[in-house]
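Enquirer: Once you've had a glance at the structure underneath, I'll fire off some questions.
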Amino acid sequence: MSDQTILQKLEILADAAKYDASCASSGTAKKNSLGGKGIGSTEGMGICHAYAPDGRCISLLKVLLTNHCIFDCHYCINRKSSNVRRARFTPQEIADLTLSFYKRNYIEGLFLSSGIIKSSNHTMELLVEAARILREEHDFRGYIHLKTIPEADPELIHQAGLYADRLSINVELPTDAGLTRLAPDKDARQIEGAMGGTKMAITQAKDEKKRFRHAPRFAPAGQSTQMIVGADAATDADIVGKASRLYDNFRLRRVYYSAFSPIPDASAVLPLKRPPLIREHRLYQSDWLMRFYGYQPGEIMQATEKDGNLPLDIDPKLAWALKFRDSFPVDVNRASKEQLLRVPGLGTTAVRRILTARRHRTLRLDDVAKLTVSLAKVRPFIVTCDWRPTLLTDRADLRRLLAPRQEQLELFAA
Amino acid sequence: MTSLQHVKLGTYYVVNLPRPDDFAFWRERARSLVQCDVPPDRVAWVESGGSGDLFAGGDTRLPVPPADARPIRASKRFLSLAKNAALHSDPERFTLLYRLVWRLQRNPRMMEDRADADVRRIEELDKNVRRDSHKMHAFVRFRQVKEEDGSEHYVAWFEPDHHIVRANAGFFKRRFANMRWSILTPRGTLHWDGATMREGPPAQKSDAPQGDPAEDLWRTYYASIFNPARLKVGAMLSEMPKKYWKNLPEASLIPELIAGAQSREATMVDAGSRELEDRPETLEAIDRAIHACRQCPIGELDNQAVMGEGPQAAALMIVGEQPGDQEDKAGRPFVGPAGQLLDRHLEKAGIERRGAYVTNTVKHFKFAQRGKRRLHQSPTAKEIDTCRWWIESERALVKPKIVLALGASAARGMLGKTVSISKVRGEPIALEDGSELWVTAHPSYLLRLDGEAAEKQAKLFDADLAAVKERLGELS
Numbered sequence: 001m002s003d004q005t006i007l008q009k010l011e012i013l014a015d016a017a018k019y020d021a022s023c024a025s026s027g028t029a030k031k032n033s034l035g036g037k038g039i040g041s042t043e044g045m046g047i048c049h050a051y052a053p054d055g056r057c058i059s060l061l062k063v064l065l066t067n068h069c070i071f072d073c074h075y076c077i078n079r080k081s082s083n084v085r086r087a088r089f090t091p092q093e094i095a096d097l098t099l100s101f102y103k104r105n106y107i108e109g110l111f112l113s114s115g116i117i118k119s120s121n122h123t124m125e126l127l128v129e130a131a132r133i134l135r136e137e138h139d140f141r142g143y144i145h146l147k148t149i150p151e152a153d154p155e156l157i158h159q160a161g162l163y164a165d166r167l168s169i170n171v172e173l174p175t176d177a178g179l180t181r182l183a184p185d186k187d188a189r190q191i192e193g194a195m196g197g198t199k200m201a202i203t204q205a206k207d208e209k210k211r212f213r214h215a216p217r218f219a220p221a222g223q224s225t226q227m228i229v230g231a232d233a234a235t236d237a238d239i240v241g242k243a244s245r246l247y248d249n250f251r252l253r254r255v256y257y258s259a260f261s262p263i264p265d266a267s268a269v270l271p272l273k274r275p276p277l278i279r280e281h282r283l284y285q286s287d288w289l290m291r292f293y294g295y296q297p298g299e300i301m302q303a304t305e306k307d308g309n310l311p312l313d314i315d316p317k318l319a320w321a322l323k324f325r326d327s328f329p330v331d332v333n334r335a336s337k338e339q340l341l342r343v344p345g346l347g348t349t350a351v352r353r354i355l356t357a358r359r360h361r362t363l364r365l366d367d368v369a370k371l372t373v374s375l376a377k378v379r380p381f382i383v384t385c386d387w388r389p390t391l392l393t394d395r396a397d398l399r400r401l402l403a404p405r406q407e408q409l410e411l412f413a414a
Numbered sequence: 001m002t003s004l005q006h007v008k009l010g011t012y013y014v015v016n017l018p019r020p021d022d023f024a025f026w027r028e029r030a031r032s033l034v035q036c037d038v039p040p041d042r043v044a045w046v047e048s049g050g051s052g053d054l055f056a057g058g059d060t061r062l063p064v065p066p067a068d069a070r071p072i073r074a075s076k077r078f079l080s081l082a083k084n085a086a087l088h089s090d091p092e093r094f095t096l097l098y099r100l101v102w103r104l105q106r107n108p109r110m111m112e113d114r115a116d117a118d119v120r121r122i123e124e125l126d127k128n129v130r131r132d133s134h135k136m137h138a139f140v141r142f143r144q145v146k147e148e149d150g151s152e153h154y155v156a157w158f159e160p161d162h163h164i165v166r167a168n169a170g171f172f173k174r175r176f177a178n179m180r181w182s183i184l185t186p187r188g189t190l191h192w193d194g195a196t197m198r199e200g201p202p203a204q205k206s207d208a209p210q211g212d213p214a215e216d217l218w219r220t221y222y223a224s225i226f227n228p229a230r231l232k233v234g235a236m237l238s239e240m241p242k243k244y245w246k247n248l249p250e251a252s253l254i255p256e257l258i259a260g261a262q263s264r265e266a267t268m269v270d271a272g273s274r275e276l277e278d279r280p281e282t283l284e285a286i287d288r289a290i291h292a293c294r295q296c297p298i299g300e301l302d303n304q305a306v307m308g309e310g311p312q313a314a315a316l317m318i319v320g321e322q323p324g325d326q327e328d329k330a331g332r333p334f335v336g337p338a339g340q341l342l343d344r345h346l347e348k349a350g351i352e353r354r355g356a357y358v359t360n361t362v363k364h365f366k367f368a369q370r371g372k373r374r375l376h377q378s379p380t381a382k383e384i385d386t387c388r389w390w391i392e393s394e395r396a397l398v399k400p401k402i403v404l405a406l407g408a409s410a411a412r413g414m415l416g417k418t419v420s421i422s423k424v425r426g427e428p429i430a431l432e433d434g435s436e437l438w439v440t441a442h443p444s445y446l447l448r449l450d451g452e453a454a455e456k457q458a459k460l461f462d463a464d465l466a467a468v469k470e471r472l473g474e475l476s
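Protein chains in written order, with the UniProt record's numbering: chain A, 1 to 414; chain B, 1 to 476.
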């Protein structure tokens, strides 16, 4: 193993990290390297330095410390019984690689995760050490996201939070039964316990910061988690329910959904076809509806079909609107912000524009067209001074009229 | 109006801008012109090197506003948009800004009217410039140059669409405060030495270094982090348009990554998960299917699959590791030496073998040929996991109340993880379907022991069987 070059190790350990959906570097405390000894800054919005052909943003050096693992989770390419090439970085190598990439403006920082080697504590110590070298020896002020290992000692997790901008603990699967079956070494209670501990530490650090200017920061970008979609039988309703409980209980910044994707050397317990990528997309859309549009989890569940899943051919907002047609049409010149946000095709920006523009004029359909992206999508659900969709909302084939063309969908889902 | 006396009627004014991104200069001139009530169609804003001849007849001496001129009003919203819009490469931008500020004097809340054409245009310019700045933050790629004194100098070549270079100097200064760097562009250059910022004239691509050893690492990272199962070229192109590719070291890989994606995904699927349809609905169907199964290398050996046997309504399912030499020849489970030993202990415990469903967790005999002999080999964890599909299908049909797993392989086949027999024996483990799993040693283990150890293990084995017998009585 020691014969492997950095390049070979990077190839193996970046490949092993590609199944992690998150690569965000936003929303942390502002910092820059003026007056320091090193480099690095974070200014609120994260930056995507490149895009892979899978359409995903590359913002961080997302890599595993090692893909050796004593755990045997069936959906995971790095599980003990999997027959993959193994490699291992030292914390120093991780720090050097991060700085080398950062200086060339390839990345915003580091997202470090790891397989479990020897013990959870040993592994967590190595993760923390890589972050320590960056922060203390190089005064690195870029973004650091550390994956935390729920079984590790809380004191180690605490140290991780002092170096990292964000901590995350994966809940992995939406149901406990799924976790027991597919991740036999993991324990749902322990995962939630660790999330609870991190939440408390974040709250406490924020509180101290208010009182003492020099109080240390603890994971200023909060904590997040990831759920694998389509590896077990959980429906979208289950998943949305689980996500909203996690948001409430642990004040997570984000719940990421990762469509289960076929992995080389997969376990036989996963005789599954890959779920359509569009399913992951619909879950993210429902996540947005809850976070920015004032929908309750129960309302998202109302938008699901009989099998408990969100429709794939139309977005969840339209699905909800088609089920609750009596809430429409909405008068754009009179309706409240909350009502406008429910109109399919009106985003938060369009609603804001409508609210300011209607102070100056009574909006006609032409005006709405200038303020929105697609008038065709909005028209059946709104009333303006010169437009009223008399029959449209009652039409039985409205869904077909509004759903994107079928061949488009197949192309997208492929 | 008081200011009219300062304006020569019928003339128009020409303002020559010293630099294409000088918002402060425009602001000063615009303020005077509005105060003198010069309408927008009477002012031309000319960039250096622009088509000045067209306005040769214009007056470059601007009118001076009277001392008591009204102060100029411009909303915060206008100012924040205008600062960005002034950096746009559209030659009409300053004319637009002047028209807007002129109109703002008559309608101070005009900026709120998003349906107005001028308002929409300035928002568009602002958006383009912000996007260009954002892409500069993202796509500048430094290359390391070793100076003669051994110090490191990082140099980048970037081609912005708009006049954004100077406006973004602060971002790179804050980010790379303790690094020596230069950004070269066709619209001007920036040089930071760790203490001061210097601006320079436009540069050419050939002024920048051609490569950097770290780019191989970066390209490796870029190729490895890409998941071929999720190809979405459109999403990539909308965020990283082709015009940027020529200056991104990783972009040269994109065509081959896309071309290879579908075959790579197919390989991943083939090498990995099996395309299994629905679970077999009868034990006979399982029997047929396991004979054809080649999901793992054991199936390729010279052997036959051995199906479980016993009543489908059995309350007890006994699961061994895999068929042995004699089982493979007979095509029945537990007929060799270990099977005979098992029968003796079952009888002692009062469990009738014919009432139980007896099977193996791995369906084919794994062996190594030594001369004429076939030596038993333990299945790997991966082989056990591959075969779980069949034992789970059997369990779903037999629906036993108790599963007795003999040995570590059988336990793994039930639980999906490796457990230690000594730790889990003697206690039931709840399975997902509501049945109970009891784990004990494999009888072949007893066969390999002698003397005291053999006696001790036989006792433990009997005790486990007795416990199962008792539990069966409670459950039935």
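Ideal placement from N, C-alpha and C gives every residue a C-beta, glycine not left out.
Using the beta-carbon of each residue, which ones in chain A are nearer than 7 Å to residue 179/B?
Expert: Within 7 Å Cβ-Cβ: 39, 103.
Enquirer: Do residue 415/B and residue 468/B have their beta-carbon atoms positioned less than 8 Å apart in this structure?
Expert: Judged by beta-carbon spacing, residue 415/B lies beyond the 8 Å limit of residue 468/B, meaning their Cβ atoms are not closer than that value.
Enquirer: Have a look at 108/B, 45/B, 353/B, 344/B and flag the residue whose alpha-carbon is nearest the alpha-carbon of residue 520/B.
Expert: Residue 520/B lies beyond the range of chain B shown here (1 to 476); nothing can be said about it.
Enquirer: With DSSP run on the structure shown, which of helix, strand or coil describes residue 320/B?
Expert: The three-state secondary structure of residue 320/B, taken from DSSP, is strand.
Enquirer: Out of 175/A, 103/A, 38/A, 98/A, state which residue places its alpha-carbon closest to the alpha-carbon of residue 235/A.
Expert: 175/A
Enquirer: Is residue 26/A helix, strand or coil when you go by DSSP?
Expert: coil
Enquirer: To the nearest angstrom, how far is the alpha carbon of residue 253/A from that of residue 167/A?
Expert: 10 Å
Enquirer: Rounded to the nearest angstrom, how far is the Cβ of residue 59/B from that of residue 11/B, given a contact under 8 Å?
Expert: 5 Å
Enquirer: Buried or exposed, going by whether 16 or more other CB atoms sit within 10 Å of the CB of residue 49/A?
Expert: Residue 49/A comes out buried.
Enquirer: Within its chain, find whatever has a CB closer than 8 Å to the CB of residue 260/B; leave out the 5 residues flanking it on each side and keep chain order.
Expert: 228
Enquirer: Just confirm the distance between the C-beta atoms of residue 247/A and residue 21/A, as a whole number of angstroms; I'd bet it's less than 8 Å.
Expert: Actually they are not in contact, since the Cβ atoms of residue 247/A and residue 21/A sit about 17 Å apart, beyond 8 Å.
Enquirer: What residue does the alpha helix (DSSP H) around residue 118/A start on, and which one ends it?
Expert: For residue 118/A, there is no enclosing alpha helix (DSSP H), as DSSP gives it neither H nor E.
Enquirer: Just tell me which of 82/A, 116/A, 72/A has its CA closest to the CA of residue 88/A.
Expert: 116/A
Enquirer: Go to residue 319/A, then tell me how far its beta strand (DSSP E) extends in each direction, as first and last residue.
Expert: No beta strand (DSSP E) holds residue 319/A; the alpha helix (DSSP H) holding it covers 316-323.
Enquirer: Determine, using beta-carbon pairs with one atom in the segment 394-411 of chain B and one in the segment 424-444 of chain B, whether at least three such pairs fall under 8 Å.
Expert: yes
Enquirer: Can you name, in chain order, every residue of its own chain whose Cβ lies under 8 Å from the Cβ of residue 447/B, other than the five neighbours on each side?
Expert: Closer than 8 Å at the Cβ level, and outside the excluded window around residue 447/B, lie 337, 338, 341.
Enquirer: Which residues in chain B have a C-beta closer than 7 Å to the C-beta of residue 48/A? List them in chain order.
Expert: 138, 239
Enquirer: List the residues of chain A whose Cβ lies closer than 7 Å to the Cβ of residue 216/B, in chain order.
Expert: 7
Enquirer: Grab the span of the beta strand (DSSP E) containing residue 176/B for me, first residue to last.
Expert: Where residue 176/B is concerned, there is no enclosing beta strand (DSSP E), given that its DSSP letter is neither H nor E.
Enquirer: Quick check: the Cα distance between residue 343/A and residue 353/A, rounded to an integer number of angstroms?
Expert: 14 Å
Enquirer: In the DSSP assignment, find the alpha helix (DSSP H) that holds residue 154/B and state where it starts and stops.
Expert: Segment 152-157 is the beta strand (DSSP E) holding residue 154/B; no alpha helix (DSSP H) there.
Enquirer: With H, G and I counted as helix, E and B as strand and the rest as coil, what does DSSP make of residue 336/A?
Expert: DSSP places residue 336/A in coil when its eight states are reduced to three.
Enquirer: Taking a Cβ distance cut-off of 8 Å, strictly less, list which residues of the segment 226-238 of chain B are near chain A, in chain order.
Expert: 226, 227, 228, 229, 230, 231, 232, 233, 234, 235, 236
Enquirer: Using the rule of at least 16 other Cβ atoms within 10 Å of the residue's Cβ for burial, across every protein chain shown, is residue 302/B buried or exposed?
Expert: Exposed, because fewer than 16 other Cβ atoms sit within 10 Å of the Cβ of residue 302/B.
Enquirer: Restricting to Cα atoms, I'd like to know which of 370/A, 28/A, 100/A is closest to residue 45/A.
Expert: For the residues 370/A, 28/A, 100/A, the minimum Cα distance to residue 45/A belongs to 28/A.
Enquirer: What number of angstroms, rounded off, separates the C-alpha of residue 133/B from the C-alpha of residue 165/B?
Expert: 8 Å
Enquirer: Please list the partners that residue 100/A has in chain B, where partner means a Cβ-to-Cβ separation under 8 Å.
Expert: 214, 217
Enquirer: Closer than 8 Å, Cβ to any Cβ of chain A: which residues of the segment 92-119 of chain B, in chain order?
Expert: The residues in question are 109, 112, 113, 114, 115.
Enquirer: Cβ of residue 442/B within 8 Å of Cβ of residue 320/B?
Expert: It is a contact, given that the beta carbons lie within the stated cut-off.
Enquirer: At a CB-CB cut-off below 9 Å, which residues of chain B make contact with residue 275/A?
Expert: Going along chain B, no residue has its Cβ under 9 Å from residue 275/A, so there is no contact; the nearest lies around 11 Å.
Enquirer: Could you name the residues that DSSP lists as bridge partners for residue 478/B?
Expert: Since the first residue of chain B shown is 1 and the last is 476, residue 478/B is not available in this structure.
Enquirer: Give the straight-line distance between the Cα atoms of residue 156/B and residue 143/B, rounded to the nearest whole angstrom.
Expert: Straight-line Cα distance between these residues: approximately 6 Å.
Enquirer: Where in the UniProt domain "Uracil-DNA glycosylase-like" (307-464) of chain B do unbroken runs of the alpha helix (DSSP H), each at least 4 residues long, occur, reported from the N-terminal end onward?
Expert: 325-330, 337-349, 381-398, 407-415, 421-424, 443-448
Enquirer: Looking at the structure shown, is residue 125/A part of a helix, part of a strand, or coil, going by DSSP?
Expert: helix
Enquirer: If I follow the unbroken alpha helix (DSSP H) through residue 197/B, where does it start and stop?
Expert: Not the alpha helix (DSSP H): residue 197/B falls in the beta strand (DSSP E), residues 197-200.
Enquirer: Counting Cβ pairs, one atom from each stretch, are 3 or more of them under 8 Å apart for the segment 50-62 of chain A and the segment 33-41 of chain A?
Expert: As far as the Cβ criterion goes, the segment 50-62 of chain A does not touch the segment 33-41 of chain A, which means the pair count is below three.
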